[in-house]
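Peer 1:
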Amino acid sequence: MAKDFSRSHRVAEQMQRELADLLQFEVKDPRVKMVTITAVEVTGDMAHAKIFYSASKASDSLQQGLEKSAGFLRTQVAKRMLLRTVPQLHFVYDASIDNGMMMSKLIDEALATNPDNVPEKDKK
9 MAKDFSRSHR VAEQMQRELA DLLQFEVKDP RVKMVTITAV EVTGDMAHAK
59 IFYSASKASD SLQQGLEKSA GFLRTQVAKR MLLRTVPQLH FVYDASIDNG
109 MMMSKLIDEA LATNPDNVPE KDKK
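Here it is, written out as structure tokens:
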């Protein structure tokens, strides 16, 4: 049975904090300035890490900028975290925030067209 809070999970959380700091203060590429790291998943053997990110404007140039800075980020993470094996970084766009905003908009539109369906506690 796996532990509830495994080493790979702890490494992923620390890596998320370090990557967010590095992207904000160290990376000079203007394509990656407004990126939010939403989650990090590290494999059990610490060979690979999926970094899920979100941005106000998702584009191919943003993805290319992240992939281009992956070597620098990996080197800096190795220095900061003192890991024997530093995972390869794979960046994946996280569309969950966009999907949540779209769902919220659809719900607001549905309530606006039929105000009789609004619960009593939400009526003003």
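Using the working numbering, read the sequence shown as starting at 9 and increasing by one per residue. The beta carbon of each residue, even a glycine, is placed where N, CA and C say it ideally should be.
Tell me, please, which residues DSSP counts as bridged to H56.
Peer 2: Q96.
Peer 1: In this structure, does DSSP put S112 in helix, strand or coil?
Peer 2: Helix.
Peer 1: Give the DSSP bridge partners of T44, in chain order.
Peer 2: DSSP output for T44 lists S62 as bridge partner(s).
Peer 1: Roughly how many angstroms lie between the CA atoms of M9 and V85, to the nearest whole one?
Peer 2: Residue placement at M9 is flagged as unreliable, the pLDDT there being 47, under the threshold of 50; a coordinate-derived value is accordingly withheld.
Peer 1: May I ask which residues mark the beginning and end of the alpha helix (DSSP H) holding L74?
Peer 2: First-last of the alpha helix (DSSP H) with L74: 68-76.
Peer 1: Is V50 helix, strand or coil when you go by DSSP?
Peer 2: Strand at V50.
Peer 1: Comparing the CB of K36 with every heavy atom of the ligand SAM, is any distance shorter than 7 Å?
Peer 2: You won't find the ligand SAM in this model; it holds no ligand whatsoever.
Peer 1: Can you tell me the Cα-Cα spacing of L119 and Q96, whole angstroms?
Peer 2: Rounded to the nearest angstrom, the two C-alpha atoms are 46 Å apart.
Peer 1: Can you tell me which of S77, M54, D68 puts its alpha carbon nearest to the alpha carbon of V19?
Peer 2: With distances taken between Cα atoms, V19 lies closest to M54.
Peer 1: Does the Cβ-Cβ distance between V94 and I59 come in under 8 Å?
Peer 2: No. Outside cutoff.
Peer 1: Use the C-beta contact count for A57: other C-beta atoms within 10 angstroms, 16 or more gives buried, fewer gives exposed.
Peer 2: So A57 ends up on the buried side.
Peer 1: Our contact map puts L31 next to V43 with C-beta atoms below 8 Å; I'd like the distance itself, whole angstroms only.
Peer 2: At roughly 6 Å, the Cβ-Cβ gap stays under 8 Å, so L31 and V43 are in contact.
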